[in-house]
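K.L.:
Next up is a structure, given as structure tokens.
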Amino acid sequence: MRSRIVHIASNTFREAVRDRVLYNLIGFALLLSGAAVLVGQISIDIEKLVVINLGLTAVSLFGVVIAIFIGIGLVSKEIEKRTLYTVLSRPVRRWEFIVGKFFGLSGTLVVNTFFMAIGVFAALFYVSHKFVKADGLILVALYFIVLEFLIIVSLALLFSSFSSPLLSAVFAFSLFVIGSFAEDLRNFARMAHGISGWLATAAAYLVPNFSAFNVISSIAHEQPVAAQLVLQNTLYALFYAATALSGAVLIFQHRDLK
Amino acid sequence: MKGRDQVTVIAAACLVLFLGASIMMLRRIDRTRPQATLQEVLYISSPKVLKRASLGYDGLLADIYWTRAVQYFGRSHHLSGSDNLLAPLLDITTQLDPHLLVAYQFGASFLAPRPPNGAGQPERAIQLMKYGIENNPNDWHLYYDLGFVYYMDLKDYKQAADAFESGSKVPDAHPFMKVMAAQMAQHAGEFETARMLWSATYQSSQDKQIRQNALEHLRALRVDEDITHLEEAMTRFEQRNGHPPASIAELAAAEGWHGLPADPDGHPYKITAEGRIEVRVPDDFPFSAKGLPPGYKPIPRFHTPE
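Protein sequence lines, in the order shown, are assigned to chains A and B.
FYI, in the working numbering the residues of the first sequence are 112 to 369.
FYI, in the working numbering the residues of the second sequence are 7 to 312.
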């Protein structure tokens with residue numbers, strides 16, 4: 112079972128590389144090196160701040176776009192190309208296919224983030240000429256960004272398991288936007304009463320809470336992140352991704368592929 | 007059970023289990039970083055930057071910031087500290103949407119009163135109102151609110167008179183703006199003017215909380231006025247008898263009043279052992295300036311539910 116999941120995951124990774132997904136790294140490198148050079152010339156005292164903010168935001172946005180646009184095609188593309196039938200005719204279970212796809216795309220994003228992280232640190236070194244202890248906090252922000260990707264990949268897979276690629280992209284992107292304002296949504300829910308309050312609270316807990324993962328601003332200001340939050344965010348991301356994956360498995364298990 | 011059914015059951019069980027676990031974890035995260043949202047939003051404290059970052063959706067962003075300001079005010083225990091975030095939140099809100107009138111009107115009520123009923127920053131409230139007037143010169147309510155803050159919180163009669171006067175010239179301004187301007191100019195009796203202001207607030211607003219707030223202030227004014235009269239009666243009693251009255255009943259009998267003087271809820275006032283006149287239930291009149299026990303801290307009012 113494990114080898115089958117690993118096999119599907121590595122195939123997904125290879126396919127993403129073949130699709131030139133990692134080409135985004137060139138765009139990222141150009142953006143960051145351009146910003147590092149430009150900011151040094153036009154701003155006073157906030158070069159480091161801008162590089163951290165811009166670098167981490169770019170890592171997050173590039174990754175989210177990849178997670179959504181590759182994730183939504185993971186199932187539908189296989190059906191369209193009829194390769195799914197070949198895969199499932201072998202002793203591969205449907206749930207293994209979904210889980211394998213999840214790990215494959217997540218792995219791609221981890222590798223992508225790793226290279227981007229090197230770029231962020233290189234740009235940082237360029238503007239400040241040295242590393243300080245607080246720069247280590249950037250790793251926490253990168254880790255949170257990867258956790259965010261796990262949730263988005265699982266959601267893209269969930270939508271991909273029952274909907275068309277276009278609608279899946281719309282759903283996934285909408286959830287990403289709503290999830291970024293999840294704390295505001297919960298604040299609205301607290302202010303509402305009666306049935307609307309209940310509905311708003313339920314919605315606020317059902318949508319992914321991405322605001323808890325967004326520590327870019329605080330890290331740019333060298334504010335430490337509580338170890339407890341790192342643990343809680345890790346567990347939350349794993350639980351949420353597992354929920355969405357379970358949903359995807361449940362739907363895909365009963366989907367008529369004829 | 008067939009393999010397929012088995013997977014369905016396990017996947018369904020996992021879905022429920024992990025969903026429950028993620029909700030539980032989210033609640034823990036909320037406890038770990040309860041104020042994170044508000045602290046973080048002010049990392050970008052420049053409304054101009056926010057306006058550009060909103061990609062044209064500045065109205066929506068202003069609504070979000072306004073909601074955050076209301077939420078922040080709801081957690082009143084932050085208001086007295088020097089790290090009070092209320093004024094920056096209101097500045098961002100109104101600069102994102104300069105026509106969001108509610109942010110000026112409520113915002114001034116949040117900022118001006120002393121803690122725990124407000125942030126105790128009347129100067130910031132005035133800045134806010136002036137910005138509001140600059141952007142909405144034809145709304146007389148804003149001039150009224152500005153005059154209100156000058157009179158109630160700063161006791162600056164001249165500025166208050168100017169604000170009411172300017173407001174009275176705005177088309178469709180309420181007629182009482184002219185009366186208020188005259189009252190301020192004459193430095194009319196405190197109670198009378200204050201009552202007129204709160205009555206005007208009560209009548210001119212449709213908002214439940216503003217009306218309730220005005221009502222509570224009117225009740226408190228009645229207590230203040232009653233106690234002022236009772237104190238005068240006590241002085242007369244003492245001059246006549248050489249000692250203060252032992253009880254409110256003794257004072258009422260000496261003055262020839264029918265029944266005992268009572269607060270707006272019908273509870274008779276009392277004379278304490280120290281010779282002070284107090285209300286029986288201080289929590290019913292948190293805005294009173296008189297009649298409350300020494301050191302009494304009112305329960306915060308005029309708050310939105312958390």
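Note that beta-carbon positions come from the ideal geometry of N, C-alpha and C, so glycine has one too.
Remember, it's a predicted structure, so these values are computed and weren't measured experimentally.
1. How about residue 350 of chain A: is its C-beta nearer than 8 Å to some C-beta of chain B?
2. From this set, B:244, B:247, B:236, B:162, which residue's C-alpha is nearest residue 254 of chain B's C-alpha?
3. So, with DSSP's three-state summary, where would you put residue 57 of chain B?
4. Quick one: using the 10 Å Cβ neighbour count with 16 as the cut-off for buried, is residue 343 of chain A buried or exposed?
5. Taking 8 Å as the cut-off, decide whether the C-beta atoms of residue 116 of chain A and residue 214 of chain A are in contact.
6. Measuring only between beta-carbons, confirm whether residue 204 of chain A sits less than 8 Å from chain B.
7. Near residue 311 of chain B, which residues of its chain fall below 6 Å by C-beta distance, leaving aside the five closest residues on each side in sequence?
8. For residue 308 of chain B, count the other beta carbons within 10 Å of its own beta carbon; 16 or more makes it buried, fewer makes it exposed. Which is it?
9. Answer with yes or no whether the minimum CB distance from residue 305 of chain A to chain B is below 8 Å.
10. Starting from the C-beta of residue 207 of chain B, find all residues in its chain whose C-beta is less than 6 Å away, skip the five residues before and the five after it, and write them out in chain order.
11. Counting only Cβ pairs nearer than 9 Å, list the residues of chain A close to residue 101 of chain B.
12. Helix, strand or coil: how does DSSP classify residue 277 of chain B here?
13. I'd like to check one pair, residue 216 of chain A with residue 345 of chain A: are the Cβ atoms closer than 8 Å?
14. With a threshold of 8 Å between beta carbons, is residue 310 of chain B in contact with chain A?
15. Does residue 202 of chain A pass the burial test, meaning 16 or more other C-beta atoms within 10 Å, or should it be called exposed?
16. Tell me, please, which residues DSSP counts as bridged to residue 284 of chain B.
17. DSSP puts residue 268 of chain B in a beta bridge; with which residues?
18. In this structure, how does DSSP classify residue 117 of chain A when only helix, strand and coil are distinguished?
19. Hey, quick one: how far does the alpha helix (DSSP H) through residue 207 of chain A stretch, first residue to last?
20. Can you name the residues of chain B whose CB is closer than 7 Å to the CB of residue 354 of chain A?
21. Which residues bound the alpha helix (DSSP H) around residue 71 of chain B?
22. Less than 6 Å between C-beta atoms, sequence neighbours within five positions excluded: which residues of the same chain meet that for residue 370 of chain A?
23. Evaluate the contact criterion for the segment 253 to 268 of chain A versus the segment 172 to 192 of chain A: three or more CB pairs, one atom per stretch, below 8 Å.
24. Could you give the DSSP three-state label for residue 260 of chain A: helix, strand or coil?
25. Would DSSP call residue 127 of chain B helix, strand or coil?
26. Tell me whether residue 125 of chain A is buried or exposed, calling it buried when 16 or more other Cβ atoms sit within 10 Å of its Cβ.
27. Tell me the DSSP secondary structure of residue 310 of chain B in three-state form.
28. Pick from A:220, A:119, A:212, A:158: whose alpha carbon is nearest that of residue 133 of chain A?
29. For a contact defined as C-beta to C-beta under 9 Å, what are the partners of residue 210 of chain A on chain B?
30. Taking Cβ-Cβ distances below 8 Å as the criterion, which residues of the segment 230 to 258 of chain A are in contact with chain B?
31. Along the chain, where does the alpha helix (DSSP H) containing residue 171 of chain B start, and where does it finish?
32. List the residues of chain A that residue 32 of chain B touches, going by C-beta distances under 7 Å, in chain order.
33. Short of 6 Å in beta carbon distance, which residues of its chain neighbour residue 296 of chain B, apart from the five on each side in sequence? Order them along the chain.
34. Are residue 227 of chain B and residue 201 of chain B closer than 8 Å when you measure CB to CB?
35. Helix, strand or coil for residue 254 of chain B? Go by DSSP, reduced to three states.
36. According to a CB-to-CB cut-off of less than 9 Å, which residues of the segment 161 to 181 of chain A neighbour chain B?
P.N.:
The relevant details are as follows:
1. yes
2. B:236
3. helix
4. buried
5. yes
6. yes
7. Reliability fails at residue 311 of chain B, whose pLDDT of 32 lies under 50, so the model's placement of it is uncertain and the value that follows must be treated cautiously. Within the same chain, residue 311 of chain B has no close Cβ partners at all.
8. Residue placement at residue 308 of chain B is poorly supported in this model, since its pLDDT is 45, which falls under 50; the coordinates still yield a value, given next. The residue in question, residue 308 of chain B, is buried, as its Cβ has 16 or more Cβ neighbours within 10 Å.
9. no
10. 220
11. Within chain A, no residue comes near residue 101 of chain B; the closest Cβ sits about 19 Å away, beyond 9 Å.
12. strand
13. no
14. Per-residue confidence for residue 310 of chain B stands at a pLDDT of 36, beneath the threshold of 50, marking its modelled position as unreliable; no derived number is given.
15. exposed
16. B:276
17. B:274
18. helix
19. 205 to 239
20. 21, 24, 25, 28
21. 64 to 80
22. Chain A is shown only over 112 to 369; residue 370 of chain A falls outside these bounds and no answer can be derived.
23. yes
24. helix
25. coil
26. exposed
27. Bear in mind that a pLDDT of 36 at residue 310 of chain B, under 50, signals an unreliable position, so the number given afterwards is only what the model happens to contain. DSSP places residue 310 of chain B in coil when its eight states are reduced to three.
28. A:220
29. Under the 9 Å cutoff, chain B gives no residues; its nearest Cβ is about 11 Å from residue 210 of chain A.
30. none
31. 163 to 174
32. 316, 320, 347
33. 230, 233
34. yes
35. helix
36. none
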